[in-house]
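Protein sequence lines, in the order shown, are assigned to chains A and B. Its first residue numbered 1, the first sequence is counted upward by one per residue in the UniProt record's numbering. Its first residue numbered 1, the second sequence is counted upward by one per residue in the UniProt record's numbering. Yeah, the Cβ is synthetic: ideal placement off N, Cα and C, and Gly gets one too.
Protein chains: 2
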Amino acid sequence: MGGMTQRDDREPEAPVVAVVLAAGFGTRFDPDNPKQLVSVDDKPIVCWSIEAFEQNPHVTDTIVVVNPQVRDEVERLVDEAGYPKVRMIIDGGAERADSTAAALQALGAAGIPPRAKLLIHDAVRPFVEQSSIDGCVTALDEFEAATVAFASTDTMLLTEDLGDRKVVRSVPDRANMFRAQTPQAFRFETIRRAYELASRDPDFHPTDDTRVVVDYLPDVPVAIVAGSRTNMKITTRDDLPQAEQISLEIRKRLARERMHQVFAQVREQ
Amino acid sequence: MGGMTQRDDREPEAPVVAVVLAAGFGTRFDPDNPKQLVSVDDKPIVCWSIEAFEQNPHVTDTIVVVNPQVRDEVERLVDEAGYPKVRMIIDGGAERADSTAAALQALGAAGIPPRAKLLIHDAVRPFVEQSSIDGCVTALDEFEAATVAFASTDTMLLTEDLGDRKVVRSVPDRANMFRAQTPQAFRFETIRRAYELASRDPDFHPTDDTRVVVDYLPDVPVAIVAGSRTNMKITTRDDLPQAEQISLEIRKRLARERMHQVFAQVREQ
C-alpha cells in the first residue's frame, strides 16, 4: 500500500475508540441501584451501550469507565457476553470530567496514536443509533471535534438571576438550539490538549466534553452530527417507562428488518 | 371596600384570562386528525387544557382560539361539557403569533382592562400543573411578564452555520437553560404593546410569546415560573405513549387524593 493514495488524507487506518462512561453514581436515580446496571427489556443499560459500539463496523476498540460500586458487576457482564472489542475497564473519578480525564490518561499510557478517533459516550444513553456513530466517525475526517445533538423542539430560554428569581436573558433562535447527546467525538490529540488546558483552571466543572473544547480551544469548530429522539439519557426513574417504550420500538424494527431479510433470501433462492 | 388597603398594590380585582391556543394545524402530527382533538385517556387534548383553567380558582375567564378545521368539534365539546369559564371561541391565524394577535384583538374589543392578567397556553400541553398556573398569576403581581419553564436536564448547544454544516457556537451553563413551556403570562397592556411593536417588523415570526416581549420590550424582565416534566407538548404521534403514561400517573394521583379525602371525612365524623 506504500506511496500516496487519493484517500490518504482521510487517514483510514486511525483506530476508532469508543469510551463508554459508566462511572456515574446516579444520585438522582437510586443510590442503591445504579442506573447503568438497571435492565431495560431484560438487558442492563450499560450492555445496550457497549453493544451499540460492538455492532458498529467503524469502531475498533472500546474502553469502559466504571466506579468501584459497579466494577464487579460490569466486569461480570462483559465476561459473560464476551464483547470482543472491550479492551479495558478502568476506574473513573468523582465527576464526569474526571472520568473522561482518566480515560484519556489510560489511552495515552496504552500508546494510542494522536490521530485516533475517540467517541465518548454516556452509558446511560442506551439507544444511540448506528447512523449517529457513523456520523461521528465521518465528521472527524473534516473536523477535530464533533458531537451528536438533536434539534430542540422546545423553545429554550437563556436566563440570569434577578434577586432571588430567574428571569429570561434571551430566547435563541430554535433553529440554532440543539440538545447535546453523545457520542461526542474528538481526535485524541485535540481532546487531550483541551483537557490539559482545562486542568489548569480551578473553576473547571464541565458537564460535557464538547464544552471543554469550545471553552479551551475556541478556534476549533465542533460539528453537529444528527442525533435522534430515541437517544435519550436515563437520569431518573421517571425516564424508565419511555426507555421501555423505545426498546419496544427497537425490538419491533429489528423484527421487521429480520423478516425483510428472510423474504429477500427466499426470493433469491 | 373603598379607600386604600394594604394589598391595594396587588390589584386583586384584575381578571385572570386564560387564552387556550388550539389553532395549530399539526403538520408534524397527522393533517387529517388534528392533535388538539386526539384523546388521551379518553379525553380530547383540548379539553384537558381547558379543564386545567376551569379547575384553577384564580382564573376568571377563558377564551379558546381555533381554526376552521377544528371549530365545529371544539364548539361541540365545549357545549357538551358546559365549561362555565369559556367566554369566546375565536378564529386564529396561520402562525402561532397570528393566533395570539387575534386573541389580543378580541380581548381588546371585549373591553378587558389593561391590567388584566393573561395566561396564554398551548392547547397541546394538556397536563399543566395547577401550581404552574398559580405561579403565573402570582408572578404578575411583581413582574409584567412571566413564563412557565422547566430546567433543562440536557446540556444545550447554541449553534451557527459553517458552510453546509452546523457547528457549536457556545455551550451555555445548564443552570441558566430552561425549556419554555406554557402558560406564558402577561399584563394585557404589556403583551399588547409588545405585539404592536412587533407587528411593524416584517421579519417577525416568533414561535413563542415570551420572545415578543424579550425582543421588543427588552427592558421588561420576564420571570421564570416552575414548570414540570409532565407539562409536555404533544407535537408528533411519537409523543402519545408518553402522554398516555403521564395521564395514567395523574389518574393514580387523583385516586390517591380522593381516597385521602374520604378517609379524612370518615375520621371527622
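When only Cα atoms are considered, Val225/A and Cys136/A end up about 6 Å apart. Not a single C-beta of chain B is nearer than 8 Å to the C-beta of Met88/A. The Cβ neighbour count for Ala123/A, taken over all protein chains shown within 10 Å, is at least 16; the residue is labelled buried. With the criterion set as a beta carbon lying under 7 Å from some beta carbon of chain B, the members of the stretch 157-178 of chain A are Leu157, Leu158, Thr159, Glu160, Leu162, Arg165, Lys166, Val167, Val168, Ser170, Val171, Pro172, Arg174, Asn176, Met177, Phe178, in sequence order. Counting only runs that start and end inside the stretch 117-173 of chain A, the beta strand (DSSP E) elements of at least 3 residues fall at 117-122, 145-151, 156-162, 165-170.
Contact annotation: Val128/A and Thr62/A have beta-carbon atoms that are not nearer than 8 Å. Met232/B is bridged by DSSP to nothing; it lacks a bridge partner. If you ignore the 5 residues before and after Met177/A, its C-beta comes within less than 6 Å of the C-beta of Ser152, Met156, all in its own chain and listed in chain order.
Under the DSSP assignment, Thr182/B falls in the beta strand (DSSP E) whose first and last residues are 177-187.
Contact annotation: Asp91/B and Val66/B have beta-carbon atoms nearer than 8 Å.
With respect to the 8 Å criterion, Gln184/A and Ile120/A are classified as neighbours on the basis of their beta carbons. Remark: C-beta atoms of Leu118/B and Val17/B approach each other more closely than 8 Å.
Residue-level contact check: Ile224/B touches chain A, since one or more beta carbons of chain A fall below 8 Å from its beta carbon.
Per DSSP, the unbroken alpha helix (DSSP H) holding Arg251/A starts and ends at 240-268. The alpha-carbon separation between Lys166/A and Pro44/A amounts to approximately 38 Å. Residues of the stretch 231-251 of chain B with a C-beta atom less than 8 Å from some C-beta of chain A are Lys233, Thr235, Asp238, Pro241, Gln242, Gln245, listed in chain order. Proximity of Thr210/B to chain A, defined by a Cβ-Cβ separation below 8 Å, is satisfied. Residue environment analysis places Ser199/B among the exposed positions, since fewer than 16 neighbouring C-beta atoms fall within 10 angstroms of its C-beta. The beta-carbon distance between Ala139/A and Ala223/A, rounded to whole angstroms, is 5 Å. This is short enough to meet the 8 Å contact definition.
Annotated three-state conformation of Pro68/B is helix, per DSSP. Against chain B, a Cβ distance below 9 Å from Thr147/A picks out Leu157, Val168.
Proximity to Asp42/A across Ser247/A, Arg258/A, Ala264/A, Asp164/A peaks at Ser247/A, based on C-alpha coordinates. Going by DSSP, Arg211/B is part of the alpha helix (DSSP H) stretching over 209-216. Contacts between Pro221/B and chain A, judged by CB atoms closer than 9 Å, involve Leu162, Arg165, Val167, Val168 in chain order. When beta bridges are read from the DSSP output, Thr62/B appears opposite Ala18/B, Val86/B.
Of the residues Asp30/A, Leu77/A, Asn33/A, the one whose Cα lies closest to the Cα of Ser49/A is Leu77/A. According to the DSSP secondary-structure assignment, Ser39/B is paired through a beta bridge with Pro44/B. Glu142/B counts as exposed, since fewer than 16 other beta carbons sit within 10 angstroms of its beta carbon. Around Arg229/A, the beta-carbon contacts reaching into chain B at under 7 Å are Asp238.
Under DSSP, the beta-bridge partners assigned to Ile224/B are Thr147/B.
Sequence-distant Cβ neighbours of Glu75/B in its own chain, meaning closer than 7 Å and more than five residues away, are Ile89. Around the CB of Met232/B, 16 or more other CB atoms lie within 10 Å, so the residue is classed as buried. One Cα belongs to Gln242/B, the other to Val64/B, and the distance between them is close to 25 Å. No Cβ-Cβ contact shorter than 8 Å links Val212/A with Val220/A. Membership of Ala109/B in the alpha helix (DSSP H) is indicated by the continuous run 96-109. Here Asp91/B carries a strand assignment [DSSP, helix/strand/coil].
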